[in-house]
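I have placed the structure first, in the form of C-alpha coordinates, so that the comments after it can refer back to it.
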Amino acid sequence: MVGGPTSEWPEDLFESEQRESIWIGADRGALHLVKNGIRPELVIGDFDSSTSAEKQLIKDAVPEVITAKPEKDDTDTELALKKIIERYGSCKIKIFGATGGRLDHLLANLFFVLRPPFYEHLQDINLYDRYNTVSFFKPGTYRIKKEVDKKYLAFVPLTAVKKLTLKDEKYRLNQRDFSAPISLASNEFEGKTAEFSFKAGVVCVIQSKD
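When the letters of the sequence shown are read in order and numbered with this note's numbering, they come out as residues 1 to 210.
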(Lines of atoms letter the chains of each structure in order from A and count residues from 1; the text may use other names and numbers.)
(Lines give C-alpha, C1' and ligand atoms only; values in the text may rest on other atoms or scores of the structure.)
Protein backbone atom coordinates (compact mmCIF):
# COMPACT_ATOMS: atom_id res chain seq x y z
CA MET A 1 0.00 0.00 0.00
CA VAL A 2 1.34 3.42 -0.97
CA GLY A 3 0.05 6.83 -0.05
CA GLY A 4 -2.31 7.86 -2.84
CA PRO A 5 -5.87 9.08 -2.19
CA THR A 6 -8.16 6.53 -0.53
CA SER A 7 -10.90 7.61 -2.97
CA GLU A 8 -9.02 5.68 -5.68
CA TRP A 9 -8.97 2.35 -3.82
CA PRO A 10 -10.87 -0.64 -5.27
CA GLU A 11 -14.19 -1.04 -3.48
CA ASP A 12 -13.37 -4.58 -2.28
CA LEU A 13 -9.81 -3.79 -1.20
CA PHE A 14 -10.06 -5.11 2.34
CA GLU A 15 -12.21 -8.18 1.79
CA SER A 16 -11.10 -11.35 3.58
CA GLU A 17 -8.81 -12.65 0.83
CA GLN A 18 -6.81 -9.42 0.74
CA ARG A 19 -6.59 -9.23 4.53
CA GLU A 20 -4.77 -12.56 4.59
CA SER A 21 -2.04 -11.31 2.22
CA ILE A 22 1.36 -10.06 3.32
CA TRP A 23 1.06 -6.28 3.49
CA ILE A 24 3.89 -3.76 3.19
CA GLY A 25 3.29 -0.05 3.77
CA ALA A 26 5.14 2.66 1.85
CA ASP A 27 5.16 5.97 3.74
CA ARG A 28 1.58 7.21 4.24
CA GLY A 29 0.29 3.89 2.96
CA ALA A 30 1.40 2.48 6.30
CA LEU A 31 -1.01 4.78 8.13
CA HIS A 32 -3.85 3.76 5.79
CA LEU A 33 -3.24 0.10 6.61
CA VAL A 34 -3.08 0.59 10.36
CA LYS A 35 -6.25 2.68 10.39
CA ASN A 36 -8.05 -0.12 8.50
CA GLY A 37 -7.01 -2.79 10.97
CA ILE A 38 -4.20 -4.24 8.85
CA ARG A 39 -0.90 -5.06 10.57
CA PRO A 40 1.78 -4.84 7.85
CA GLU A 41 4.92 -6.95 8.03
CA LEU A 42 6.98 -3.79 7.69
CA VAL A 43 6.69 -0.18 6.61
CA ILE A 44 9.24 2.03 4.94
CA GLY A 45 9.41 5.69 3.97
CA ASP A 46 10.54 9.14 5.02
CA PHE A 47 7.18 9.86 6.72
CA ASP A 48 7.73 13.56 6.09
CA SER A 49 4.00 14.18 5.65
CA SER A 50 2.99 12.39 8.88
CA THR A 51 2.39 14.07 12.23
CA SER A 52 4.16 12.94 15.39
CA ALA A 53 0.96 11.23 16.55
CA GLU A 54 0.61 9.38 13.23
CA LYS A 55 4.23 8.23 13.37
CA GLN A 56 3.69 6.90 16.88
CA LEU A 57 0.52 5.09 15.80
CA ILE A 58 2.51 3.34 13.08
CA LYS A 59 5.38 2.43 15.42
CA ASP A 60 2.99 0.98 17.98
CA ALA A 61 1.23 -1.22 15.41
CA VAL A 62 4.02 -2.40 13.10
CA PRO A 63 6.84 -4.80 14.03
CA GLU A 64 9.40 -3.20 11.70
CA VAL A 65 9.60 0.45 10.69
CA ILE A 66 12.38 1.56 8.31
CA THR A 67 12.83 5.32 8.14
CA ALA A 68 14.43 6.74 5.00
CA LYS A 69 15.93 10.17 4.47
CA PRO A 70 13.67 12.60 2.56
CA GLU A 71 16.57 13.33 0.18
CA LYS A 72 16.92 10.06 -1.73
CA ASP A 73 17.12 8.67 -5.26
CA ASP A 74 14.20 6.21 -4.90
CA THR A 75 10.57 6.99 -4.20
CA ASP A 76 9.03 5.43 -1.09
CA THR A 77 7.19 2.99 -3.37
CA GLU A 78 10.46 1.92 -4.97
CA LEU A 79 12.11 1.48 -1.57
CA ALA A 80 9.26 -0.77 -0.48
CA LEU A 81 9.45 -2.81 -3.68
CA LYS A 82 13.20 -3.27 -3.31
CA LYS A 83 12.64 -4.59 0.20
CA ILE A 84 9.92 -6.97 -1.03
CA ILE A 85 12.17 -8.32 -3.79
CA GLU A 86 15.07 -8.69 -1.34
CA ARG A 87 12.99 -10.62 1.18
CA TYR A 88 10.54 -12.60 -0.91
CA GLY A 89 12.20 -12.94 -4.33
CA SER A 90 9.78 -13.83 -7.12
CA CYS A 91 6.22 -13.31 -5.91
CA LYS A 92 3.02 -11.62 -7.04
CA ILE A 93 3.09 -7.96 -6.02
CA LYS A 94 -0.17 -5.98 -5.92
CA ILE A 95 0.22 -2.23 -5.54
CA PHE A 96 -2.63 -0.08 -4.22
CA GLY A 97 -2.72 3.67 -3.67
CA ALA A 98 -0.37 4.36 -6.57
CA THR A 99 -2.77 6.54 -8.59
CA GLY A 100 -4.61 9.81 -8.04
CA GLY A 101 -3.14 13.00 -6.68
CA ARG A 102 0.26 14.07 -8.00
CA LEU A 103 1.03 13.29 -11.63
CA ASP A 104 4.77 12.98 -11.03
CA HIS A 105 4.07 10.15 -8.59
CA LEU A 106 1.77 8.45 -11.09
CA LEU A 107 4.43 8.58 -13.81
CA ALA A 108 7.08 7.31 -11.40
CA ASN A 109 4.78 4.40 -10.54
CA LEU A 110 4.47 3.48 -14.22
CA PHE A 111 8.06 3.86 -15.38
CA PHE A 112 9.96 2.37 -12.43
CA VAL A 113 9.60 -1.12 -13.98
CA LEU A 114 12.17 -0.17 -16.64
CA ARG A 115 14.99 -0.08 -14.07
CA PRO A 116 16.76 -2.82 -12.11
CA PRO A 117 15.93 -4.60 -9.92
CA PHE A 118 12.29 -4.04 -10.91
CA TYR A 119 12.64 -4.95 -14.60
CA GLU A 120 13.46 -8.56 -13.77
CA HIS A 121 10.17 -8.85 -11.85
CA LEU A 122 7.89 -6.57 -13.87
CA GLN A 123 5.49 -9.31 -14.96
CA ASP A 124 4.81 -10.10 -11.29
CA ILE A 125 3.79 -6.49 -10.57
CA ASN A 126 0.26 -5.09 -10.93
CA LEU A 127 -1.27 -1.74 -10.00
CA TYR A 128 -4.91 -1.58 -8.94
CA ASP A 129 -7.35 1.24 -8.32
CA ARG A 130 -11.10 1.81 -8.46
CA TYR A 131 -11.14 2.02 -12.26
CA ASN A 132 -8.00 0.30 -13.56
CA THR A 133 -5.82 -2.79 -13.47
CA VAL A 134 -2.31 -2.20 -14.79
CA SER A 135 0.04 -4.99 -15.92
CA PHE A 136 3.51 -4.98 -17.47
CA PHE A 137 4.95 -7.29 -20.15
CA LYS A 138 8.30 -8.17 -21.68
CA PRO A 139 8.51 -9.36 -25.31
CA GLY A 140 6.46 -12.44 -26.08
CA THR A 141 3.01 -13.70 -27.00
CA TYR A 142 0.21 -13.43 -24.45
CA ARG A 143 -3.48 -14.15 -23.99
CA ILE A 144 -5.16 -12.16 -21.23
CA LYS A 145 -8.60 -12.58 -19.67
CA LYS A 146 -11.17 -9.81 -19.57
CA GLU A 147 -12.04 -8.67 -16.07
CA VAL A 148 -15.81 -8.86 -15.57
CA ASP A 149 -16.26 -5.21 -14.58
CA LYS A 150 -13.89 -3.68 -17.13
CA LYS A 151 -14.87 -2.39 -20.59
CA TYR A 152 -11.72 -0.82 -22.04
CA LEU A 153 -8.32 -2.19 -22.93
CA ALA A 154 -5.23 -0.05 -23.55
CA PHE A 155 -1.76 -0.97 -24.76
CA VAL A 156 0.93 1.48 -23.67
CA PRO A 157 4.48 1.03 -25.01
CA LEU A 158 6.70 2.42 -22.24
CA THR A 159 9.77 2.21 -24.49
CA ALA A 160 10.43 1.79 -28.17
CA VAL A 161 8.54 -1.36 -29.15
CA LYS A 162 8.99 -3.65 -32.14
CA LYS A 163 6.29 -5.53 -34.05
CA LEU A 164 3.34 -5.02 -31.72
CA THR A 165 0.45 -7.18 -32.92
CA LEU A 166 -3.08 -6.99 -31.54
CA LYS A 167 -4.60 -10.13 -32.95
CA ASP A 168 -8.23 -10.25 -31.85
CA GLU A 169 -9.06 -6.98 -30.11
CA LYS A 170 -11.69 -4.55 -31.44
CA TYR A 171 -8.96 -2.41 -33.02
CA ARG A 172 -6.13 -4.53 -34.38
CA LEU A 173 -2.49 -4.01 -35.29
CA ASN A 174 -0.09 -6.09 -37.34
CA GLN A 175 3.60 -5.92 -36.38
CA ARG A 176 3.58 -2.18 -35.75
CA ASP A 177 6.77 -0.46 -34.50
CA PHE A 178 6.75 2.47 -32.08
CA SER A 179 9.84 4.60 -31.53
CA ALA A 180 8.67 6.32 -28.33
CA PRO A 181 6.14 5.84 -25.50
CA ILE A 182 2.52 6.18 -26.56
CA SER A 183 -0.90 5.26 -25.16
CA LEU A 184 -3.03 3.20 -27.51
CA ALA A 185 -6.18 3.96 -25.54
CA SER A 186 -9.83 2.87 -25.62
CA ASN A 187 -9.43 -0.48 -27.29
CA GLU A 188 -11.81 -3.27 -26.23
CA PHE A 189 -12.05 -7.04 -25.94
CA GLU A 190 -14.04 -8.79 -28.68
CA GLY A 191 -14.54 -11.84 -26.46
CA LYS A 192 -13.51 -13.03 -23.02
CA THR A 193 -9.81 -13.03 -23.89
CA ALA A 194 -7.40 -11.01 -26.03
CA GLU A 195 -4.11 -12.03 -27.63
CA PHE A 196 -1.18 -9.73 -28.31
CA SER A 197 2.53 -10.06 -29.06
CA PHE A 198 5.64 -7.95 -29.57
CA LYS A 199 9.34 -8.54 -30.24
CA ALA A 200 11.18 -5.87 -28.22
CA GLY A 201 10.53 -3.30 -25.50
CA VAL A 202 8.12 -3.09 -22.55
CA VAL A 203 4.35 -2.79 -22.88
CA CYS A 204 1.95 -1.71 -20.16
CA VAL A 205 -1.57 -3.15 -20.49
CA ILE A 206 -4.50 -1.45 -18.78
CA GLN A 207 -7.99 -2.82 -18.28
CA SER A 208 -10.32 -0.02 -17.21
CA LYS A 209 -13.88 1.21 -16.74
CA ASP A 210 -15.55 4.61 -16.51
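Glycine included, every Cβ here is placed at the ideal spot set by N, Cα and C.
Next item on the list: Just the C-alpha distance for Ser52 and Lys167, rounded to the nearest angstrom, thanks.
Entry: Cα-Cα distance, rounded: 54 Å.
Notebook entry, point to check: Of all the options Lys92, Pro116 and Leu127, which has the alpha carbon lying nearest to the alpha carbon of Gly100?
Noted result: Distances from the alpha-carbon of Gly100 to those of Lys92, Pro116 and Leu127 put Leu127 closest.
Next item on the list: Alpha carbon to alpha carbon, how far is Ser7 from Lys192? Give it in angstroms, no decimals.
Entry: Their backbone Cα atoms lie some 29 Å apart in a straight line.
Notebook entry, point to check: In the DSSP assignment, what residue or residues form a beta bridge with Gln207?
Noted result: Looking at the DSSP assignment, Gln207 forms a beta bridge with Thr133 and Leu153.
Note to self: With a threshold of 6 Å on Cβ separation, who are the neighbours of Arg197 within its own chain once the five nearest residues in sequence on each side are excluded?
What the structure shows: As written in the sequence, residue 197 is Ser, which differs from the Arg given in the question. Correct list, in chain order: Thr141 and Thr165.
Note to self: Can you tell me whether Ser197 is helix, strand or coil according to DSSP?
What the structure shows: When secondary structure is reduced to three states using DSSP, Ser197 falls in the strand class.
Checklist line | Extent of the continuous beta strand (DSSP E) to which Leu42 belongs | finding: Where Leu42 is concerned, the enclosing beta strand (DSSP E) stretches over Leu42 to Gly45.
Margin query: Under DSSP, the beta strand (DSSP E) around Gly140 begins and ends at which residues?
Written below: Residue range Gly140 to Lys145 is occupied by the beta strand (DSSP E) that includes Gly140.
Next item on the list: Reducing DSSP to helix, strand and coil, say where Val161 ends up.
Entry: Note: Val161 maps to strand in three-state DSSP.
Item checked: Buried/exposed call for Cys91, threshold 16 Cβ in 10 Å -> Exposed.
Item checked: Ordered list of beta strand (DSSP E) runs contained in the stretch 64-97, each at least 3 residues -> Whole beta strand (DSSP E) segments, 3+ residues: 65-67 and 93-96.
Notebook entry, point to check: What is the residue span of the alpha helix (DSSP H) that Ala26 lies within?
Noted result: Where Ala26 is concerned, there is no enclosing alpha helix (DSSP H), although the beta strand (DSSP E) around it starts and stops at Ile24 to Ala26.
Next item on the list: Kindly indicate which three-state DSSP category Asp124 falls into: helix, strand or coil?
Entry: The three-state secondary structure of Asp124, taken from DSSP, is helix.
Item checked: 8 Å CB neighbourhood of Ile58 in its chain, flanking five on each side removed -> Closer than 8 Å at Cβ, skipping near neighbours: Gly25, Ala30, Leu31, Val34, Val43, Phe47, Ser50 and Val65.
Note to self: According to DSSP, is Glu8 part of a helix, a strand, or is it coil?
What the structure shows: DSSP places Glu8 in helix when its eight states are reduced to three.
Next item on the list: Could you have a look at Glu15 and say whether DSSP puts it in helix, strand or coil?
Entry: Coil.
Check: Looking only at its own chain, which residues have a Cβ that is under 8 Å from the Cβ of Arg130, when we skip the five neighbours before and after it?
Finding: Here the set comprises Ser7, Glu8, Trp9, Pro10 and Glu11.
Notebook entry, point to check: What are the partner residues of Phe189, as DSSP defines its beta bridges?
Noted result: Phe189 is bridged by DSSP to Glu169.
Notebook entry, point to check: Going by Cα to Cα distance, which pick from Ser183, Leu153 and Val202 is closest to Asp210?
Noted result: Residue Leu153 holds the alpha-carbon nearest to the alpha-carbon of Asp210 among Ser183, Leu153 and Val202.
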